[in-house]
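**Q** The sequence shown begins at 8 in my numbering and counts up by one.
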Amino acid sequence: MTSSPAFPAQLPLPPAQHAAGAVTLPGSKSISNRTLLLAALAEGTTTLLNLLRADDTDRMLEALALLGVRVDDASATAGTGGRLPVARADLFLGNAGTAVRPLTAALATL
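#1: Nearest CA to the CA of Ser39: which residue from Val93, Thr87, Leu114 and Ala83?
#2: To the nearest angstrom, how far is the alpha carbon of Gly28 from that of Leu91?
#3: Could you tell me whether the Cβ atoms of Ala46 and Leu74 are closer together than 8 Å?
#4: Can you tell which of Asp79, Leu117 and Asn57 has the C-alpha that lies nearest to the C-alpha of Val93?
#5: Can you name, in chain order, every residue of its own chain whose Cβ lies under 8 Å from the Cβ of Pro57, other than the five neighbours on each side?
#6: If you scan the segment 37 to 87 from start to end, which runs of the alpha helix (DSSP H) of 4 or more residues do you find wholly inside it?
See the structure below:
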């Protein structure tokens, strides 16, 4: 039978004097979905960078496509000037609350 290595009772860590580097944080599905919706309702083409790819954003992209909004690889969105090309569509948003809430509000005003 082998014995386990001995570990010290404490491991003191002195405070760091400085830190350096770059951190890329993951995107926010809530911000991504709101930005997609705003781009869809805007005039002209909006280029969106670093959208979070998640189930919620996938559902929003599918819904916008069904509503006639052109989105190129989830980065360039052709705005509709507040007039969605498709007035009636069966949308499936699953559990994507970050898509359901703002999209419902926007559709209610159109």
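Cβ atoms here follow ideal geometry from the backbone N, Cα and C, with glycine treated the same way. Please read all numbers here as calculations on a predicted model, not as lab measurements.
**A** Taking the definition as stated:
#1: Counted from its first residue, the sequence shown places residue 39 at position 32. When each option's Cα is compared against that of Ser39, the closest is Ala83.
#2: Stepping through the sequence shown from its first residue, residue 28 is reached at position 21. Stepping through the sequence shown from its first residue, residue 91 is reached at position 84. Roughly 44 Å separates the two Cα atoms.
#3: Translated into the one-based positions of the sequence shown, residue 46 becomes position 39. Translated into the one-based positions of the sequence shown, residue 74 becomes position 67. Against a cut-off of 8 Å, the Cβ pair of Leu74 and Ala46 comes out as no contact.
#4: Within the sequence shown, the letter at position 86 stands for residue 93. For the residues Asp79, Leu117 and Asn57, the minimum Cα distance to Val93 belongs to Leu117.
#5: The count along the sequence shown starts at 1 and reaches residue 57 at position 50. Strictly speaking, residue 57 in this sequence is Asn, with Pro absent from that position. Excluding residues within five positions, the ones whose Cβ falls inside 8 Å are Gly34.
#6: Qualifying alpha helix (DSSP H) stretches, in chain order: 62 to 73.
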